[in-house]
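Chemist: Residue numbers (mature numbering (1 follows the signal peptide of the UniProt record, and there is no 0)): -17 to -1, 1 to 453. For glycine and all other residues, C-beta sits at the position ideal for the given N, C-alpha and C.
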Amino acid sequence: MPLRVLALALLVIGATTITVDDRQDGLTLIKAARTGDLEEVRSLLDMGVSVNSRDGAGQTALQVGARQGSVALVEELLARQADVNASDNWGKTSLHEAVWFGRQEVLDALLAGDADLDAPDDDGKAALHEAAWLGRVGAVKTLLANHANVSAVDHYGQTALHYAAELLNAKVVKILLANQADVEAKDNEGLTALHYASWFGREEVVAILLGHGADPTARDILGQTPLHYAVEHKELDVTTILLNYGVDVDTVDNNGNTVLHLATRGRNVTMIEALLFFCPDLTLINYQRKTPVDLAREKRMKALATLMEGQRGTQCVVEGKTCLKEGDTGVAPLRRLTCYGDTWRPSSPASPGLDCHVSGQVYHHEARWHDGCHENRCVRGQVWRNPQVSGTCCRAVDGQVYPDGHTWPEGCHQQVCRGGLAQPTHVLSSCKTSPTPCCNASPTPCCRTSLTPCCNAPHALLQDFPHALL
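1. Could you say which of S181, D101, E149 and V120 lies nearest to V136 if we only look at CA atoms?
2. Quick check on DSSP: helix, strand or coil for H353?
3. Ordered along the chain, which non-local residues of its own chain (more than five positions away) have a Cβ less than 8 Å from that of H130?
4. Suppose you measure from the CA of A49 to the CA of V32; what does that come to, to the nearest Å?
5. Tell me which residues share the same chain as Q383 and place their Cβ nearer than 8 Å to its Cβ, disregarding the 5 neighbours each side in the sequence.
6. Return the CA-CA distance between A161 and T274, expressed in angstroms with no decimal places.
7. V345 lies in the beta strand (DSSP E); which residues open and close that run?
8. Quick one, which of E88, N152, W116 and L10 has its alpha-carbon nearest T125's?
9. Which residues mark the beginning and the end of the beta strand (DSSP E) in which A405 is found?
10. For G249, tell me which candidate among A257, Y385, I224 and H216 has the shortest Cα-Cα distance.
11. Determine the closest residue to T234 out of T247, M254 and P209, with distance taken between C-alpha atoms.
12. Using the rule of at least 16 other Cβ atoms within 10 Å of the residue's Cβ for burial, across every protein chain shown, is V345 buried or exposed?
13. Given this structure, state the Cα-to-Cα distance separating W352 from Q365, to the nearest angstrom.
14. Exposed or buried, which one is D29 when buried takes at least 16 other CB atoms within 10 Å?
15. Please report the straight-line C-alpha distance between K285 and D236, rounded to a whole angstrom.
16. From the DSSP output, which residues share a beta bridge with N162?
17. Determine the extent of the alpha helix (DSSP H) in which T247 is found, giving its start and end residues.
18. Assuming L192 and A176 make a contact with CB atoms under 8 Å, what is their CB distance in whole Å?
19. Spatial neighbours of R360 within its chain, please: CB distance less than 6 Å, with the 5 preceding and 5 following residues excluded, ordered by chain position.
20. How many angstroms separate the CA atom of residue 454 from the CA atom of V67?
21. Compare the Cα-Cα distances from D387 to each of L21, E393 and C376 and report the closest residue.
22. Does the pairing of the stretch 146 to 153 with the stretch 170 to 185 give three or more beta-carbon distances under 8 Å?
23. What does the Cβ neighbour count give for G343, buried or exposed, with the cut at 16 atoms within 10 Å?
24. What's the gap between the Cα of T266 and the Cα of E358?
25. Taking DSSP's pairing of strands, which residues face W391 in a bridge?
26. Quick one: complete beta strand (DSSP E) runs, 3+ long, within the stretch 169 to 211?
27. Is it buried or exposed, H347, if we count other Cβ atoms within 10 angstroms and call 16 or more buried?
28. Report yes if the CB atom of S53 is closer than 8 Å to the CB atom of G85, and no otherwise.
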């Protein structure tokens, strides 16, 4: 029987007082709010149950109602003077609950009821922190539109931007930055949002933060940059983005460790390969007087140590430098290093990640292809192009390049390009009818030492044409 009916019945039979167990009925009120039973809530409140009764967790009916999501219930409780800023045993308010459970309409109702936008929980987190961390785009917009403090920090010194960067909330990151979030704000450990995005491998967020002026050289209290975090946590794509952005591969932390020290200590062969592409100084020692090669030996990574030793004498193709020796210098287990010979050059800005994007085509790391007469390679998101003619094209003696299947006159012959090789097809008629003899009628190649052009062909020497063909 509903409590309101019971109360009326008692009055009818002459009862003059109603004894209410405040605590028990308070729990009943909270239970009704949790299930969204609006009529039961009204009955209990009409009987005099306190609207701000709490359960064992310190939560009120308004808090559990905000979590449950009934706007009508929340509005009824607010109309009955529920404390909109009451907090539970963890310092959470109804606003925290509405954000956490994604109750946008409840959030609007609470704000209309003058909820404190910046009320912190026991960790110092305001509702905006949680909205950013959970990726609640609508809640973030609503809170900021109502003038929530975008620079508020929790007890760890973290802003909403720190939380958004950590959890891959690119949309939220953009919204916060558009509302003047400090891209360089540091937490108590000295980490910026870029540190967190690099730590957790959030490539898109890293690119957004860099685009808004985030400092890629910012250091935490241990002297570590975002690059250190990306390498130590094996986030290869972020590492590539930061290095292509121009971050110094040889930057050291407070212990003298470069990122190559960290990658070697972590036995991360794939990461080491990527770092070697950017030509790190392999002679740098940390405060334990160890080079990356020393660490590789300590880790019993003989092949890796050999690779690094070989790389010490190889100047890499970076920023105009050229290789001291051509070809690949890598040894197992690494497949390839940076030096492809001194002709290879980067042909386009690097793409985020490992893939290369060329004219709508995606090429994966280490892919090779030809465009016309030149070979290209995708290396860590960077397209490298060999200006030397390769593939199925041919270069004539005058330097002219001809694609596969094309023909051209050269000396006394018509040449055709077939699979990258120039092949003579026939003697030109002008040479056959020329009154000028090439040499004597010898069956051997004529005029081997002569420098006189044959048949007035400006690019072919007599020694190139056997007498038998003339």
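Modeler: The answer reads as follows:
1. D101
2. Correct three-state label for H353: strand.
3. L100
4. 19 Å
5. W391
6. 44 Å
7. Residues Q344 to Y346.
8. E88
9. That run of the beta strand (DSSP E) goes L404 to V410.
10. Considering only A257, Y385, I224 and H216, the residue with the shortest C-alpha distance to G249 is H216.
11. P209
12. exposed
13. 14 Å
14. exposed
15. For K285 and D236, the distance between alpha carbons rounds to 26 Å.
16. N162 pairs with nothing; no bridge assigned.
17. V242 to R248
18. Between A176 and L192 the Cβ distance is about 6 Å, and since that is below 8 Å, they are a contact.
19. R351 and W367
20. No information on residue 454 is available, as it lies outside the stretch -17 to 453 that the chain covers here.
21. Answer by Cα proximity: C376.
22. yes
23. exposed
24. So the two alpha carbons sit approximately 34 Å from each other.
25. In the DSSP output, where bridge partners are listed per residue, W391 has Q398.
26. Counting whole runs of 3 or more residues, the stretch 169 to 211 contains no beta strand (DSSP E) stretch at all.
27. exposed
28. no
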